[in-house]
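In the numbering used here, the protein residues as written are 1401 to 1539. Idealized CB from N, CA, C, for every residue including glycine. Nothing here was measured: the structure is a model prediction, and the numbers come from that model. For reference, the structure is listed below as structure tokens.
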Amino acid sequence: MTNRILSMDIGESSVGLAVSDPTGTFAIPIGTIKRGSKKEDSDKIKKIMEERNVDTLVAGMPLDMEGNRSKQASIVMTFVKFLYKETGIKTEFVDERYTTKMANDTLKFLNVKRGKQKGAEDALAASYILEIYLKKHNS
1401 MTNRILSMDI GESSVGLAVS DPTGTFAIPI GTIKRGSKKE DSDKIKKIME ERNVDTLVAG
1461 MPLDMEGNRS KQASIVMTFV KFLYKETGIK TEFVDERYTT KMANDTLKFL NVKRGKQKGA
1521 EDALAASYIL EIYLKKHNS
């Protein structure tokens, strides 16, 4: 695999991002984009896709404890539909339950200062989402 996979943790105010290594083995958090208009967000993601040779998109799907889509899922679906119109690339979904908690716990363990946690938390959550996807598709 020479192309990479881009993972998104889509929220109301930001999108955490992670990318796979070229072999599709590891997930690497690469940062967070602050949400603007759908077009602005899409343009930023398209640029990252071009720069990093991405051909697959993955997004965390917010589910409740029973496995049903949560209220946040409509925000994710609206953005992903727009992104598909802009890129022509379908997004695959991964159950994102506990990924933000895992990211938060990791940052606390690493003693990351509170002010720097949010952006790092979103990118780290995106990397956990991507790890779930990679494990499923590489086994």
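Helix, strand or coil, according to DSSP, for residue i in the structure here?
i, result
"M1401", "At M1401 the pLDDT is 46, less than 50, meaning the model places this residue with poor confidence; the figure from the coordinates comes in the next sentence. Coil."
"K1471", "coil"
"D1421", "coil"
"L1534", "helix"
With the cut-off set at 8 Å, would you say residue i and residue j are in Cβ contact?
i, j, result
"A1503", "L1483", "no"
"G1460", "I1529", "yes"
"R1404", "R1452", "yes"
"D1522", "S1414", "yes"
"R1534", "S1420", "Residue identity check: residue 1534 is Leu in the sequence provided, not Arg. Yes, they are a contact pair."
Considering only the alpha carbon of each residue, which of the options lies closest to residue i?
i, options, result
"T1491", "Y1498, E1521, V1458", "V1458"
"P1462", "F1493, K1444, K1447", "F1493"
"K1434", "M1408, D1505, S1539, N1538", "M1408"
"K1536", "F1426, N1403, G1411, K1439", "F1426"
"P1429", "A1526, I1410, Y1533", "A1526"
"R1469", "E1450, K1444, D1495", "D1495"
"I1532", "G1411, E1412, A1418", "A1418"
"A1520", "L1406, T1500, K1439", "T1500"
"L1406", "E1440, K1439, K1447", "K1447"
Excluding the 5 residues preceding and the 5 following residue i in the sequence, name in chain order all residues of the same chain whose CB lies nearer than 7 Å to its CB.
i, result
"S1442", "F1482, L1483, E1486"
"M1401", "With a pLDDT of only 46 at M1401, under the threshold of 50, the placement of this residue in the model should not be trusted; the figure read from the coordinates follows. Correct list, in chain order: P1422, T1423, G1424."
"V1480", "A1459, T1491"
"G1411", "D1522"
Whose C-beta lies closer than 8 Å to the C-beta of residue i among residues of the same chain, with five residues either side of it excluded?
i, result
"M1465", "R1497"
Can you find the residues in the same chain that come closer than 6 Å, C-beta to C-beta, to residue i, ignoring five residues on each side of it along the sequence?
i, result
"D1455", "N1403"
"G1488", "none"
"K1471", "none"
Kindly say whether residue i, judged by its beta-carbon, lies nearer than 8 Å to any beta-carbon of chain D.
i, result
"K1508", "You won't find chain D in this structure, because it holds only one protein chain."
> How do the stretch 1503-1515 and the stretch 1474-1481 stand: do at least 3 beta-carbon pairs fall below 8 Å, yes or no?
Replying inline: no
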